[in-house]
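Visitor:
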Amino acid sequence: MKIVAAENLLRANDKLAAGNRQRLHAAGVFTINVVGSPGAGKTTLLEALFARLRAQLRPAVIEGDLAGSIDAERLERLGVPVVQINTAGACHLDASMIATALEQLDLGQVDLLVIENVGNLVCTAGFDLGEDLRLVVLSTSEGDDKAVKYPAIFQSAAALVLAKMDLLPHTNFQPARIAADYCRLRPEGQVFETAALEGRGIERLAEWLLARRAQAAGS
Ligand code: MG
Ligand code: ZN
Numbered sequence: 608m609k610i611v612a613a614e615n616l617l618r619a620n621d622k623l624a625a626g627n628r629q630r631l632h633a634a635g636v637f638t639i640n641v642v643g644s645p646g647a648g649k650t651t652l653l654e655a656l657f658a659r660l661r662a663q664l665r666p667a668v669i670e671g672d673l674a675g676s677i678d679a680e681r682l683e684r685l686g687v688p689v690v691q692i693n694t695a696g697a698c699h700l701d702a703s704m705i706a707t708a709l710e711q712l713d714l715g716q717v718d719l720l721v722i723e724n725v726g727n728l729v730c731t732a733g734f735d736l737g738e739d740l741r742l743v744v745l746s747t748s749e750g751d752d753k754a755v756k757y758p759a760i761f762q763s764a765a766a767l768v769l770a771k772m773d774l775l776p777h778t779n780f781q782p783a784r785i786a787a788d789y790c791r792l793r794p795e796g797q798v799f800e801t802a803a804l805e806g807r808g809i810e811r812l813a814e815w816l817l818a819r820r821a822q823a824a825g826s
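Residue numbering for the sequence shown follows my numbering, starting at 608 and increasing by one per position.
Dropping the structure here:
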């Protein structure tokens, strides 16, 4: 019985996510869902990305956290419109939360919507939010075995962003190992090596996102 309830929950979520996607596409908004563990470097990556992309397009953020608004405040400081969702204990965002958050954004003024999910590599994988693509962020301090241990989230992500590459010399992390595991799960997936605090790797990621957005707009 419990399994049926979970399936129904996910089906209901998929329906709401499809509605979000339709609404975002109608407004010409390209949406990415950024997932990763707590502390992977998601917000720092976004700060660097927005600094690079803001001249070309108008970003907005939906920020998911269990509590507080520390990350939202960081991104607001860049002048980016941010809607904070506090999940009050829930360990992932779902499509209904996004539908509610979209009410608070002027979508006509947004080209790129970034959803920073709750830090979690597990159940974020099962919840479509209505995004165009998923980015999974993994830092060098987390270990290169994570694609083997959490395959669902890696399989669902169009790109793997390796964060904190500047710390690599202090770890036994092997970028080639995680890249190989990820590409087995997602053969067409892209891998980006970044060190956001130094601005390293941000240009390549930004160019790829712009290309994916152009592709989505043209299709
Ligand atoms: Mg964050
Ligand atoms: Zn969860």
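Note that CB positions come from ideal geometry on N, CA and C, so glycine has one too.
1) Residue ranges of each beta strand (DSSP E) run of no fewer than 3 residues wholly in the segment 796-820, ordered along the chain?
2) Any chance you could list the residues with Cβ under 7 angstroms from a heavy atom of the ligand MG, keeping chain order?
3) Mapping the DSSP letters down to three states, classify VAL721 as helix, strand or coil.
4) Check whether the Cβ of ALA612 sits closer than 7 angstroms to any heavy atom of the ligand ZN, and report yes or no.
5) With distances taken Cα to Cα, identify the nearest neighbour of VAL768 among ASP751, HIS777, LYS756.
6) Here's the rule I'm using: 16 or more other beta-carbon atoms within 10 Å means buried, otherwise exposed. How should VAL640 be labelled?
7) What's the call for LEU812, buried or exposed, on a 16-neighbour Cβ count within 10 Å?
8) Looking only at its chain, what residues have a beta carbon closer than 8 angstroms to the beta carbon of ALA634, apart from the 5 residues adjacent to it on each side?
9) Taking C-alpha atoms, which residue in LYS756, ARG630, VAL721 lies nearest to THR638?
10) Taking 8 angstroms as the threshold (C-beta atoms), are GLY696 and SER644 in contact?
11) Distance check for PRO782 and ASP701, CA to CA, integer angstroms please.
12) What would DSSP say about PRO776, mapped onto helix, strand or coil?
13) Using DSSP bridges, identify the partner residues of PRO666.
14) Distance, Cα to Cα, ILE648 vs SER703?
15) Below 6 angstroms CB to CB, which residues in the same chain sit around VAL798 once its five sequence neighbours on both sides are set aside?
16) For the pair the segment 803-811 and the segment 647-667, tell me if three or more CB-CB distances fall below 8 angstroms.
17) Nearest to TYR757 by CA position, among ARG820, TYR789, ALA625, VAL636, is which residue?
18) Return the CA-CA distance between SER763 and ARG684, expressed in angstroms with no decimal places.
Guide: Looking at the coordinates:
1) 797-800
2) LYS649, THR650, ASP678, GLU723, GLY726
3) In this structure, VAL721 counts as strand in the three-state DSSP scheme.
4) no
5) ASP751
6) Per the sequence presented here, residue 640 reads as Asn, with Val not at that position. Classification for ASN640: buried.
7) Classification of LEU812: buried, given that the 10 Å Cβ count is 16 or more.
8) LEU714, GLY715, VAL717
9) Of the candidates LYS756, ARG630, VAL721, the residue whose Cα lies closest to the Cα of THR638 is VAL721.
10) no
11) Looking at the two C-alpha atoms, the distance is approximately 31 angstroms.
12) helix
13) LEU719
14) Residue 648 is actually Gly in this sequence, not Ile. Approximately 26 angstroms, taken between the alpha carbons.
15) LEU767, ALA786
16) With the cut-off at 8 angstroms, the segment 803-811 and the segment 647-667 touch.
17) The option with the nearest alpha carbon to TYR757 is TYR789.
18) Those two C-alpha atoms are separated by around 31 angstroms.
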